[in-house]
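Visitor:
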Amino acid sequence: MITVFADKKEAGTLEYLPDEREYIYNYSCDNPVSLRMPFSVKSYVSRFHIHPIFDMNMPEGYLFSLFKNLLTKEYGEINDYILFTHLSKSIDGYLTYENQLPSEENQYPYLEDVLKSTDENLFNQLVKLFLNRSAVSGVQPKVLTSFFDKAALSCKEYIVKSFTDEYPDLAENEFFCMNAMKYAGIPVPIFKISDNKKLFVTQKFTYNSSNNSFYGFEEFCVLFDFNKEQKYNGSYEQLAKAIYKISTSKENDLKIFFKMIIMNFLLKNGDAHLKNFGILYTADKKKRFLAPAYDVVCTTVYLPHDKPALTLYGGKIWVKKQTLIRFGVEYCLLDTACALTLFDECVEAVLLIKREITQYILDNVAFKKTGEKMIRIIDFSLSENLNTTFKELPDGIL
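Below you can see the structure in the form of structure tokens.
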């Protein structure tokens with residue numbers, strides 16, 4: 000049995016019935032663990048999959064493969080409950096957990112040392128050190144770590160991402176895309192790239208430094224009551240409607256969301272799915288607002304035929320400017336003039352990144368192939384794709 004705490008106060012218990020393959024959550028007091036799971040005397044029962052609020056932290060891809068090998072050897076099998084039991088003891092956030100497994104003590108490296116390291120095996124060392132506390136989703140190689148920040152004189156949690164030969168230069172790709180989001184006036188977490196360009200490091204954004212607590216955070220997979228396998232289901236219109244319904248700062252959040260969508264289309268990020276948007280909220284639930292942008296990458300560099308992760312006006316296609324403006328007016332509480340102004344701000348941000356990539360390539364020849372592809376994709380977004388909708392990148396762009 001796993002005891003669940005919300006904002007450091009006991010909330011309830013999570014159990015698993017293997018014969019029925021049922022995950023059962025029972026509240027012990029009125030302290031909701033999710034916006035989708037208000038207090039109830041009745042059990043919350045989920046068959047075959049752990050509840051979305053707990054599934055949100057489950058590893059995918061690279062990390063899941065590591066855990067599968069580790070836990071199958073120990074237990075002879077693996078299911079969501081075994082994996083979550085193993086991970087939950089180390090989760091630090093708005094939701095925390097206690098179970099029968101002992102917690103592990105780690106020595107925390109210095110952030111500055113990691114960023115400056117030339118050790119080619121550093122990421123593997125971090126995985127070995129922090130694997131058992133890496134309750135973080137996403138398919139790319141990543142690990143959740145704690146670093147001591149000399150400048151801040153404090154220890155904070157960071158997500159460290161690496162990449163495989165299949166997706167070269169992914170750290171630099173994400174670094175430029177996240178800078179583009181920032182230049183467009185979109186909130187982003189603190190992020191850095193290592194000196195050797197092998198690691199992209201981003202600080203977890205759920206910590207509320209004003210009162211030394213954590214914001215509640217729920218991805219839209221959770222808010223739509225989906226598990227991670229359903230992250231590509233739905234539309235950007237549904238996201239906008241949900242933000243309007245949930246947020247306590249609707250106009251500002253929808254304006255930011257509109258910019259997020261524009262930037263993902265201009266950068267040709269085909270992975271802006273339901274797990275890559277979320278809502279933050281205070282413990283009393285009185286403030287609920289859109290989470291900063293995260294996990295933004297130009298995916299078409301690696302997958303030229305990639306498409307948007309969710310539908311817009313019924314299709315997963317790279318729509319033209321007019322359609323994006325229409326979306327802003329119809330779903331994001333904008334008038335046409337405001338939508339056009341915000342679009343222009345996003346174009347300026349992308350042009351700035353194009354200039355930065357062009358200059359960066361001169362001093363970082365190893366990034367030349369990927370960087371030039373990103374430039375050609377940006378040029379396509381700001382030329383043919385402005386006035387014409389495309390199902391995918393035309394042949395010859397890359």
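Those letters in the sequence shown? Residues 0 to 397, by numbering that gives the first Met the number 0. Heads up, the beta-carbon is just placed ideally off N, CA and C, and yes, glycines get one too.
(1) Since glutamate 14 and lysine 227 are thought to touch, with beta carbons under 8 Å apart, how far apart are those beta carbons, to the nearest angstrom?
(2) May I ask you to report which of helix, strand or coil DSSP gives lysine 191?
(3) With respect to the alpha helix (DSSP H) encompassing alanine 241, which residues constitute its N-terminal and C-terminal limits?
(4) Select from Ile77, Ser248, Tyr157 and Pro303 the residue whose C-alpha is nearest the C-alpha of lysine 286.
(5) With DSSP as the reference, label alanine 282 as helix, strand or coil.
(6) So, are the CB atoms of glutamate 218 and methionine 55 less than 8 Å apart?
(7) Which whole-angstrom value describes the C-beta separation of glutamate 171 and isoleucine 192, a residue pair presumed to lie in contact below a C-beta threshold of 8 Å?
(8) Could you tell me which residues DSSP puts in a beta bridge with glycine 11?
(9) For the candidate residues Thr299, Lys267 and Leu289, whose alpha-carbon lies nearest to that of isoleucine 245?
(10) Just mark isoleucine 261 as buried or exposed, buried being the case when its beta carbon has 16 or more other beta carbons within 10 Å.
(11) Could you pull out every residue in the same chain whose Cβ sits closer than 6 Å to the Cβ of alanine 134, ignoring the five residues on either side in sequence?
(12) Counting only the same chain and skipping the five closest in sequence on each side, list residues whose C-beta sits under 7 Å from that of valine 3.
(13) State yes or no: is the C-beta of isoleucine 352 within less than 8 Å of the C-beta of asparagine 178?
(14) Quick one: grab the DSSP three-state call for tyrosine 359.
(15) Can you check whether the CB of valine 295 is closer than 8 Å to the CB of leucine 266?
(16) With a floor of 4 residues, list each alpha helix (DSSP H) that falls wholly inside the stretch 22-71, ordered by position along the chain.
(17) Could you tell me the distance, in whole angstroms, from the CA atom of tyrosine 22 to the CA atom of aspartate 394?
(18) If you count every other CB in all the chains shown that lies within 10 Å of the CB of asparagine 349, and 16 or more means buried, which is it?
(19) Does leucine 198 come out as helix, strand or coil in the three-state DSSP assignment?
(20) If valine 187 and leucine 114 are in contact, beta carbons under 8 Å, what's the gap, nearest whole angstrom?
(21) Looking only at its chain, what residues have a beta carbon closer than 7 Å to the beta carbon of histidine 272, apart from the 5 residues adjacent to it on each side?
(22) Using DSSP with H/G/I as helix, E/B as strand and the rest coil, what is phenylalanine 257?
(23) Exposed or buried, what is serine 39 when buried is set at 16 or more other beta-carbons lying within 10 Å of its beta-carbon?
(24) Are the beta-carbon atoms of cysteine 220 and proline 37 separated by less than 8 Å?
(25) Under 8 Å, do phenylalanine 63 and proline 108 count as touching if we go by C-beta distance?
(26) So, under 8 Å CB-CB, leucine 169 and phenylalanine 175 are touching, yes? Tell me the CB distance rounded to an integer number of Å.
(27) Compute the Euclidean distance between the alpha carbons of lysine 284 and aspartate 112, then round it to the nearest angstrom.
(28) According to the neighbour-count rule (16 or more other Cβ atoms, all chains shown, within 10 Å of its Cβ), is serine 208 buried or exposed?
(29) By alpha-carbon positions, which one of Leu16, Lys67, Lys88 and Lys320 ends up nearest to threonine 387?
(30) Label alanine 5 either buried or exposed according to how many other C-beta atoms from any shown protein chain fall within 10 Å of its C-beta, with 16 as the threshold for buried.
(31) Whole angstroms is fine: what's the gap from threonine 205's alpha carbon to phenylalanine 216's?
(32) Run through the stretch 283-349 for me and flag every whole beta strand (DSSP E) of 3 or more residues, listed as ranges in chain order.
(33) I need the straight-line Cα distance from asparagine 268 to glutamine 124, nearest angstrom please.
(34) When every heavy atom of the ligand ADP is checked, does at least one fall within less than 7 Å of the C-beta of serine 248?
Guide: So, from the data block:
(1) Looking up residue 14 in the sequence shown gives position 15. Looking up residue 227 in the sequence shown gives position 228. With a Cβ gap of about 21 Å, glutamate 14 and lysine 227 do not count as contacting.
(2) The residue given as residue 191 occupies position 192 in the sequence shown. In this structure, lysine 191 counts as strand in the three-state DSSP scheme.
(3) Looking up residue 241 in the sequence shown gives position 242. Where alanine 241 is concerned, the enclosing alpha helix (DSSP H) stretches over 235-245.
(4) Reading the sequence shown from its first residue, position 287 is the one you call residue 286. Selected option, being the one with the closest Cα: Ser248.
(5) Residue mapping note: residue 282 aligns to position 283 of the sequence shown, counting from 1. If DSSP states are grouped into helix, strand and coil, alanine 282 belongs with coil.
(6) Sequence index remark: in the sequence shown, residue 218 carries index 219 (1-based). Sequence index remark: in the sequence shown, residue 55 carries index 56 (1-based). The answer is yes: Cβ separation under 8 Å.
(7) Sequence index remark: in the sequence shown, residue 171 carries index 172 (1-based). Sequence index remark: in the sequence shown, residue 192 carries index 193 (1-based). Confirmed, about 7 Å.
(8) The sequence position of residue 11 within the sequence shown is 12, counting from 1. Val3 and Tyr26, per the DSSP bridge assignment.
(9) As a position in the sequence shown, residue 245 is number 246, starting the count at 1. It is Leu289.
(10) Residue 261 sits at position 262 when you count from the first residue of the sequence shown. When all chains shown are included, isoleucine 261 counts as buried.
(11) In the sequence shown, the residue the question calls residue 134 occupies position 135. Interpretation of alanine 134 is limited by its pLDDT of 47, a score under 50 that renders its predicted location unreliable; no figure is taken from the coordinates.
(12) Residue 3 sits at position 4 when you count from the first residue of the sequence shown. Ala10, Gly11, Thr12, Leu13, Val32, Leu94 and Tyr96, listed in sequence order.
(13) If you number the sequence shown from 1, residue 352 lands on position 353. If you number the sequence shown from 1, residue 178 lands on position 179. Contact: yes.
(14) The count along the sequence shown starts at 1 and reaches residue 359 at position 360. If DSSP states are grouped into helix, strand and coil, tyrosine 359 belongs with the helices.
(15) In the sequence shown, the residue the question calls residue 266 occupies position 267. In the sequence shown, the residue the question calls residue 295 occupies position 296. Yes, Cβ-Cβ distance for leucine 266 and valine 295 is below 8 Å.
(16) 51-54
(17) By one-based count along the sequence shown, residue 22 stands at place 23. By one-based count along the sequence shown, residue 394 stands at place 395. Spanning the two alpha carbons is a distance of roughly 48 Å.
(18) Taking the sequence shown and counting its residues from 1, one reaches residue 349 at position 350. Here residue 349 turns out to be valine, not asparagine, going by the sequence shown. Valine 349 is buried by the Cβ-count criterion.
(19) In the sequence shown, counting from the first residue as 1, residue 198 sits at position 199. Residue state, collapsed to three classes: coil.
(20) Counting from one through the sequence shown, the residue named residue 187 turns up at place 188. Counting from one through the sequence shown, the residue named residue 114 turns up at place 115. That pair is no contact at about 18 Å.
(21) The sequence position of residue 272 within the sequence shown is 273, counting from 1. Only Lys230, Tyr231, Ala308 and Leu309 meet the Cβ criterion.
(22) If you number the sequence shown from 1, residue 257 lands on position 258. Correct three-state label for phenylalanine 257: helix.
(23) Taking the first residue of the sequence shown as 1, we reach residue 39 at position 40. Flag for serine 39 reads exposed.
(24) For the purposes of this step, residue 220 is taken as the residue at position 221 of the sequence shown. For the purposes of this step, residue 37 is taken as the residue at position 38 of the sequence shown. It is not a contact, given that the beta carbons lie outside the stated cut-off.
(25) By one-based count along the sequence shown, residue 63 stands at place 64. By one-based count along the sequence shown, residue 108 stands at place 109. Taking 8 Å as the Cβ cut-off, phenylalanine 63 and proline 108 do not qualify as a contacting pair.
(26) For the purposes of this step, residue 169 is identified with residue 170 of the sequence shown, where counting begins at 1. For the purposes of this step, residue 175 is identified with residue 176 of the sequence shown, where counting begins at 1. No, leucine 169 and phenylalanine 175 are not in contact; Cβ-Cβ is about 11 Å, not under 8 Å.
(27) Residue 284 sits at position 285 when you count from the first residue of the sequence shown. Residue 112 sits at position 113 when you count from the first residue of the sequence shown. Each residue's alpha carbon lies about 38 Å from the other.
(28) For this step, residue 208 is matched to residue 209 along the sequence shown. Exposed is the call here.
(29) On the sequence shown, position 388 is the one that residue 387 refers to. Comparing Cα positions, the closest option is Lys320.
(30) Here residue 5 is taken as the residue at index 6 of the sequence shown, counted from 1. When all chains shown are included, alanine 5 counts as buried.
(31) Stepping through the sequence shown from its first residue, residue 205 is reached at position 206. Stepping through the sequence shown from its first residue, residue 216 is reached at position 217. Each residue's Cα considered, the two are about 7 Å apart.
(32) 287-289
(33) Residue 268 sits at position 269 when you count from the first residue of the sequence shown. Residue 124 sits at position 125 when you count from the first residue of the sequence shown. Asparagine 268 and glutamine 124: Cα-Cα distance of roughly 30 Å.
(34) Annotation note on the ligand ADP: not contained in the displayed structure, which lists no ligands.
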